[in-house]
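Going by numbering that gives the first Met the number 0, the sequence shown opens with residue 0, and the numbers climb by one from there. Every residue, glycine too, gets a C-beta built ideally from N, C-alpha and C. Here is the structure we will look at, set down as structure tokens.
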Amino acid sequence: MIRVGTLEREARDLLNRLGVADAAMSGGARRVASPITGETIAHVHEAGPDDCARAIAAAHAAFLVWRQEPAPRRGELVRLLGEELRAAKADLGLLVTLEAGKTLSEGLGEVQEMIDICDYAVGLSRQLFGLTIASERPDHRMMETWHPLGVVGVISAFNFPVAVWSWNAALALVCGDPVVWKPSEKTPLTALAVQALFERAATRFGDAPAGLSSVLVGGREVGEALVAHPLVRLVSATGSTAMGRAVGPALAARFARALLELGGNNAAIACPSADLDLTLRGVAFAAMGTAGQRCTTLRRLFLHDSVYEAFLPRLKAAYASVRIGDPRDGDTLVGPLIDPAALEGMERALADARDQGGVVHGGERAEGPGEGIYVRPALVEMPGQTPVVLRETFAPILYVMRYSALEEAVALNNAAPQGLSSAIFTNDVREAERFCSATGSDCGIANVNIGPSGAEIGGAFGGEKETGGGRESGSDSWKAYMRRATNTVNYGRTLPLAQGVKFDI
Ligand code: UN1
């Protein structure tokens, strides 16, 4: 259904319901467009240098109070945030769809991911355990204690406009750290909405210090302010490898922590024993879902010689028939690209692929409402892993190649400069285990019989090489948000020195 010209009102209604004050927007200079139709849906105020300095100072003042709050009580605030998110799921999910162009199912899924990480963090607030370590000296005990770190800066990307904040914020808050957030300049509305929900939770909590969570809408200069400020102890940044190359060294120069979640050029291998029905579904979602705009999107597919002829026509048929259109319509699977620059990047990559011997299926403009940029996802048969295949293009392009031996496929998987996610489709336990082993995939995520995208929050999320090395979300990722103290306690009456050193005065 084509509905043009109503999005601004729809966005305003949603923002009102979510508790965003008109003052946060009216008279603002930054235009926010919906990728659904390309139309303007709001203008928002931008933070200037003074706003950044003020937010960071307030966050630091909050830190001095919040770090003294027992961790399980900090968890109570995150529990309330989870309740607010549950109550607002429908509205916030739709706002994600309006602002980022994801299908409604994926917009709601993103909010569910926020709820899940809140639940996780609440449990974690009672499990910030340290180790007790055997001392080599008599009457001594060694232990580790984990303390709040300080102000955490979060820089997030348009494609997961709210979930990535929550992976960081839910953990940071239970760990005792305030959060200052610079959302993508393409998606400030969802950030303002999340901040409003946080404030509701904080009001119900009662005595949360002001400045515990804040949003700074703006461009590169806001990110630079976070990265440069001496009171920001950790910056968690999601985005391009180019951005990471600027952020990482700047943080290193002042010995602050960097948690980088950068590019991905994720591959899947379909082996001779693969269940091809399951492979087809796994590949289709991972490559075409979110219009190819996840950092975990499947971009390279290696098909064994023995399955190539059987599988490729089925995949081509899925590409030719996938439903593209308004992401608010329930049967749409592929929504719009985020902006014209994304289309340019896609067209450039397809032209390069043709030059490098590729045969392109799809990739043309598709029907959609208004000025939204809709494309048919592209499937490209490549003669080998040429330079364009090794370049991450943030668009729905899947390069398909052949292989004949698993070692060769693993080497191809690992040849990308990035190392985020990967998958193998096989029913051969040797192949599956090899892929997950030290000599298998070199990525932070290596899956068996599921695609590379759509990770759950329970595992650590992130990757190696040009992906940046950071880990967010589950497992022991919380440790990045705390400082570790090793305590050696002597409960004896003598002072033996370690390593048998003598120093008798
Ligand atoms: C991203 O694209 O930045 O694993 C994050 C996934 C999601 C997160 C993607 N849970 O696809």
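So residue i and residue j are in contact, right, with Cβ under 8 angstroms, and what is the actual spacing, rounded?
i: LEU14; j: ALA192; result: 6 angstroms
i: MET287; j: VAL333; result: 6 angstroms
i: VAL150; j: ARG232; result: 6 angstroms
i: LEU279; j: ALA317; result: 6 angstroms
i: LEU419; j: CYS442; result: 6 angstroms
i: VAL379; j: VAL399; result: 7 angstroms
i: VAL43; j: LEU91; result: Contact flag wrong, Cβ pair sits at about 17 angstroms.
i: ALA267; j: ALA285; result: 7 angstroms
i: VAL359; j: LEU349; result: 6 angstroms
i: THR392; j: GLY344; result: 5 angstroms
Tell me the rounded alpha-carbon separation between residue i and residue j.
i: THR466; j: ALA190; result: 24 angstroms
i: MET0; j: GLY361; result: Confidence at MET0 is low in this model, with a pLDDT of 47, below 50, so the placement of that residue is unreliable and no value is reported for it.
i: CYS435; j: GLY291; result: 25 angstroms
i: ILE449; j: LEU297; result: 11 angstroms
i: PHE159; j: THR102; result: 12 angstroms
i: GLN67; j: ALA61; result: 10 angstroms
i: ALA394; j: THR131; result: 49 angstroms
i: SER452; j: THR289; result: 10 angstroms
i: VAL488; j: THR96; result: 55 angstroms
i: LEU505; j: ALA309; result: Outside the displayed span of the chain (0 to 504) sits residue 505, for which this structure offers no information.
i: VAL153; j: THR240; result: 16 angstroms
i: LEU188; j: ALA207; result: 24 angstroms
i: TRP477; j: LEU170; result: 6 angstroms
i: PRO534; j: HIS146; result: Only positions 0 to 504 of the chain appear in this structure, which leaves residue 534 out of reach.
i: ASN167; j: VAL110; result: 14 angstroms
i: PHE502; j: MET481; result: 35 angstroms
i: GLY243; j: ALA236; result: 7 angstroms
i: VAL64; j: ALA201; result: 14 angstroms
i: ASP276; j: PRO368; result: 33 angstroms
i: ARG78; j: PHE204; result: 10 angstroms
i: ASP49; j: LEU148; result: 24 angstroms
i: ARG322; j: LYS315; result: 14 angstroms
i: ALA518; j: GLY439; result: In this structure the chain extends from 0 to 504, so residue 518 is not present and cannot be described.
i: ALA227; j: ARG253; result: 8 angstroms
i: ARG293; j: ALA57; result: 33 angstroms
i: GLY122; j: ARG73; result: 11 angstroms
i: LEU127; j: SER472; result: 14 angstroms
i: ASP328; j: ARG16; result: 22 angstroms
i: ALA28; j: GLY47; result: 12 angstroms
i: CYS117; j: THR385; result: 42 angstroms
i: SER25; j: VAL19; result: 11 angstroms
i: ALA479; j: ALA414; result: 29 angstroms
i: GLU311; j: LEU397; result: Checking the displayed sequence, the identity of residue 311 turns out to be Leu instead of Glu. Going by the C-alpha atoms only, they are around 12 angstroms apart.
i: ARG364; j: LEU76; result: 46 angstroms
i: VAL387; j: GLN194; result: 40 angstroms
i: PRO229; j: ARG299; result: 41 angstroms
i: ASP176; j: GLU220; result: 23 angstroms
Between the options, which has its C-alpha nearest residue i's C-alpha?
i: GLU82; options: LEU196, ALA41, GLY47 and GLY106; result: LEU196
i: ARG508; options: ARG483, ARG482 and ILE444; result: The question about residue 508 has no answer, for the chain in this structure spans 0 to 504.
i: CYS51; options: TRP65, GLY218 and GLY439; result: GLY218
i: THR425; options: ASN446, ALA415 and ALA410; result: ASN446
i: ALA352; options: PHE284, ALA377 and ASP328; result: ALA377
i: ARG401; options: ARG313, ARG30, ASN413 and TYR307; result: TYR307
i: ILE40; options: ALA10, VAL19, ALA266 and VAL216; result: ALA10
i: ASP304; options: ALA273, GLY281, CYS294 and ARG322; result: ALA273
i: VAL163; options: THR485, LYS501, TYR480 and PHE460; result: PHE460
i: ALA497; options: PRO137, GLY26 and ARG78; result: PRO137
i: CYS174; options: ARG125, GLY210 and SER134; result: ARG125
i: SER183; options: LEU172, PHE157, VAL388 and SER165; result: PHE157
i: VAL234; options: ARG299, THR485, TRP180 and ALA437; result: TRP180
i: THR295; options: ALA408, TYR119 and GLU463; result: GLU463
i: ALA422; options: ASN412, LYS88, ARG429 and VAL246; result: ASN412
i: GLY457; options: LEU107, PRO229, ALA32 and ILE114; result: ILE114
i: THR493; options: HIS139, GLN194 and LEU300; result: HIS139
i: GLY499; options: SER134, GLU260 and VAL359; result: SER134
i: ASP475; options: GLY129, ARG30 and VAL358; result: GLY129
i: VAL214; options: ARG433, THR186 and GLY238; result: THR186
i: ILE372; options: SER212, TYR490, PRO271 and GLY324; result: GLY324
If you scan the stretch 142 to 201 from start to end, which runs of the beta strand (DSSP E) of 3 or more residues do you find wholly inside it?
-> 150 to 154 and 178 to 181
Which ranges would you report for the alpha helix (DSSP H) in the stretch 424 to 477 if only whole runs of at least 4 residues count?
-> 428 to 435
Mind pulling the beta strand (DSSP E) runs of 3 or more residues that sit fully within the stretch 245 to 317?
-> 256 to 260, 265 to 269 and 297 to 303
List in chain order: all unbroken alpha helix (DSSP H) runs of 4+ residues lying wholly within the stretch 38 to 78.
-> 48 to 65
Unbroken beta strand (DSSP E) runs of length 3 or more, entirely within the stretch 76 to 133: which are they?
-> none
Which runs of the beta strand (DSSP E), 3 residues or longer, sit entirely within the stretch 207 to 252?
-> 212 to 214 and 231 to 237
Can you give, in chain order, each stretch of the alpha helix (DSSP H) that sits fully within the stretch 339 to 393 and has at least 4 residues?
-> 339 to 354
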